[in-house]
Amino acid sequence: MEIREISDKKIWEDFLLKIREKTFLQSWNWGEFQAKIGEKIWRLGIFDSSHQIGATLVIKITARRGNFLFIPHGPLVKELLMNDRKKVLELLLERLKKIAKDEKVAFIRIAPLWEKNKENIEIFQELGFRPAPIHIHPEVTWQLDITFPENEILKKMRKTTRNLIKRSQKEGVKIYFSNDLKNVKLFCELYQATVSRHHFIPFSYDFLKKEFESFLPDNVLLFFAQWKDKILSSAMIIFWQKIAFYHQGASLNLFPKIPASYLLQWEIIKEAKKKGCVLYNFWGIAPKENRHHPWHGLTLFKKGFGGEKREYIKTQDFPLSHRYFRNWIIETFRRYKRRL
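Note that the working numbering numbers the sequence shown so that position 145 is 145, with each residue one more than the last.
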């Protein structure tokens, strides 16, 4: 086995078409976006003779608490026996150590999209990884198969969810979508209101604008739910390789009796079907049924549309210097503060 850098978008995307479990965080465009916001990236292909068996986007994250190499929702590997998967990770780790030395980073972080099971956890343990104190991207997601007819998808929803979709329609909520870059500003106005209400660390307007720009060639849409003259809810949806991703969401709480967000999600699902998507990824949910978890309400909302939970092993860290432990203390404090 060997690792080669890949500089051709078609080669990269064609390989990822063969991978079943994946998210846009390993897409070519996500790499372009990271480069736009000033991060250094590497696109690595893993080859067995002349056959590509894996791919991973590596990002150098620049942070005040310490720089590190990060693999979001990767590496992506063809369905292999566990022993081969370990060999791939071992080979990749050696390459990452070399990059890390050149870049003078404190640690390597991998957020694998590998099913949470004993075998996968042991692979990382045996190579010297340890669970990260906090995750950057979801480790538990909610996904909906949208290959069924619309009436069947509706039937499988929670009764309350169906009723709230109908009520939203009766109240005159209108849904529209746009790929106009100018509308990112409108989305951000709702986004800031959501931040104020839920007290999470927001992305900047520049971050969201550049994310939107990076996916424009391959499809990203902003959806808006309007009631009378007010925009009540919005979502940024990324369409990639027949999967729709609910990556960013925002809403106002001015009219709590108008359930605009329910109709918004239903119209997103219908549009995703029209675009040929087979799966709708609602993105992150709370890991357990915990009423005190900050994502409890959001989790109930997403589950109401039907679907299934996908749980992956925890984000893994490979410390490279004593500087890692300063980062560990800071992130552990943040986790407790956010009640995650």
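Idealized CB from N, CA, C, for every residue including glycine.
Predicted model, so just to flag it, every value in this text is computed and none were measured.
Residues sharing a beta bridge with residue i, DSSP
{"i": "Met236", "result": "Leu222 and Gln248"}
{"i": "Thr23", "result": "In the DSSP output, where bridge partners are listed per residue, Thr23 has none listed."}
{"i": "Phe70", "result": "Ile59 and Arg109"}
{"i": "Pro133", "result": "Bridge partners of Pro133: none, in fact."}
{"i": "Leu44", "result": "Glu5 and Thr56"}
{"i": "Leu76", "result": "Ala55"}
{"i": "Lys230", "result": "Trp227"}
{"i": "Tyr312", "result": "Glu115"}
{"i": "Ile359", "result": "It is not possible to answer for residue 359, since the shown part of the chain is limited to 1 through 340."}
{"i": "Ile243", "result": "Trp240 and Leu279"}
Start and end residues, alpha helix (DSSP H) containing residue i
{"i": "Asp262", "result": "For the record, residue 262 in the displayed sequence is Tyr; it is not Asp. Start and end: Ala260 to Lys274."}
{"i": "Ser168", "result": "Lys159 to Lys170"}
{"i": "Glu211", "result": "Tyr205 to Phe215"}
{"i": "Gln34", "result": "Trp28 to Lys36"}
{"i": "Glu152", "result": "Glu150 to Lys155"}
{"i": "Gly307", "result": "It is not in any alpha helix (DSSP H) - Gly307 carries neither H nor E in the DSSP assignment."}
{"i": "Glu2", "result": "Segment Glu2 to Glu5 is the beta strand (DSSP E) holding Glu2; no alpha helix (DSSP H) there."}
{"i": "Asn120", "result": "Lys118 to Glu126"}
Expected contact under 8 Å - CB spacing of residue i and residue j to nearest Å
{"i": "Thr147", "j": "Val278", "result": "5 Å"}
{"i": "Ile53", "j": "Val88", "result": "7 Å"}
{"i": "Arg410", "j": "Leu44", "result": "Any question about residue 410 goes unanswered here, given that the chain covers just 1 to 340."}
{"i": "Leu113", "j": "Tyr312", "result": "6 Å"}
{"i": "Ala100", "j": "Leu320", "result": "6 Å"}
{"i": "Leu76", "j": "Leu17", "result": "Not really, about 11 Å apart at Cβ, beyond 8 Å."}
{"i": "Trp295", "j": "Pro133", "result": "Not confirmed; about 18 Å, so no contact."}
{"i": "Phe68", "j": "Ile37", "result": "About 16 Å separates the two Cβ atoms, so there is no contact after all."}
{"i": "Asn290", "j": "Ile243", "result": "So it is not a contact: roughly 28 Å between Cβ atoms."}
{"i": "Lys270", "j": "Glu150", "result": "6 Å"}
{"i": "Arg4", "j": "Phe47", "result": "6 Å"}
{"i": "Ile175", "j": "Glu267", "result": "4 Å"}
{"i": "Leu222", "j": "Asn183", "result": "5 Å"}
{"i": "Met236", "j": "Phe187", "result": "6 Å"}
{"i": "Lys9", "j": "Trp28", "result": "5 Å"}
Same chain only: Cβ atoms within 7 Å of residue i, ignoring 5 sequence neighbours per side
{"i": "Glu213", "result": "Leu181"}
{"i": "Trp283", "result": "Pro138, Thr141, Phe245, Tyr246 and His247"}
{"i": "Gly304", "result": "Met157, Arg158, Thr160 and Thr161"}
{"i": "Arg323", "result": "Gly66 and Ala106"}
{"i": "Gln34", "result": "Ile41 and Ile59"}
{"i": "Arg167", "result": "Pro259"}
{"i": "Leu154", "result": "Arg162"}
{"i": "Lys302", "result": "Trp142, Phe282 and Ile285"}
{"i": "Phe255", "result": "Trp227 and Leu232"}
{"i": "Trp12", "result": "Ile6, Trp28, Arg43 and Ala55"}
{"i": "Glu115", "result": "Tyr312"}
Where the beta strand (DSSP E) containing residue i begins and where it ends
{"i": "Thr141", "result": "Val140 to Asp145"}
{"i": "Gln316", "result": "Gln316 to Pro319"}
{"i": "Leu279", "result": "Leu279 to Gly284"}
{"i": "Phe177", "result": "Lys174 to Ser178"}
Nonlocal neighbours in the same chain, by C-beta distance under 6 Å from residue i, ignoring five residues either side
{"i": "Phe124", "result": "Gln316"}
{"i": "Ile231", "result": "Phe224"}
{"i": "Leu164", "result": "Pro259 and Tyr262"}
{"i": "Arg310", "result": "Thr141 and Gln143"}
{"i": "Ile238", "result": "Phe24, Phe215, Val220, Phe245 and His247"}
{"i": "Tyr191", "result": "Ala250"}
{"i": "Leu91", "result": "Met1"}
{"i": "Tyr205", "result": "Cys188"}
{"i": "Ser234", "result": "Phe187, Leu190, Phe224 and Ala250"}
{"i": "Asn357", "result": "In the structure displayed, the chain extends from 1 to 340; residue 357 sits before or after that span and is not available."}
{"i": "His135", "result": "Thr315"}
Nonlocal neighbours in the same chain, by C-beta distance under 8 Å from residue i, ignoring five residues either side
{"i": "Pro131", "result": "Lys314, Thr315, Gln316 and Asp317"}
{"i": "Lys228", "result": "Gly172"}
{"i": "Gly128", "result": "Phe318"}
{"i": "Phe325", "result": "Pro319"}
{"i": "Arg335", "result": "Pro133 and Ile134"}
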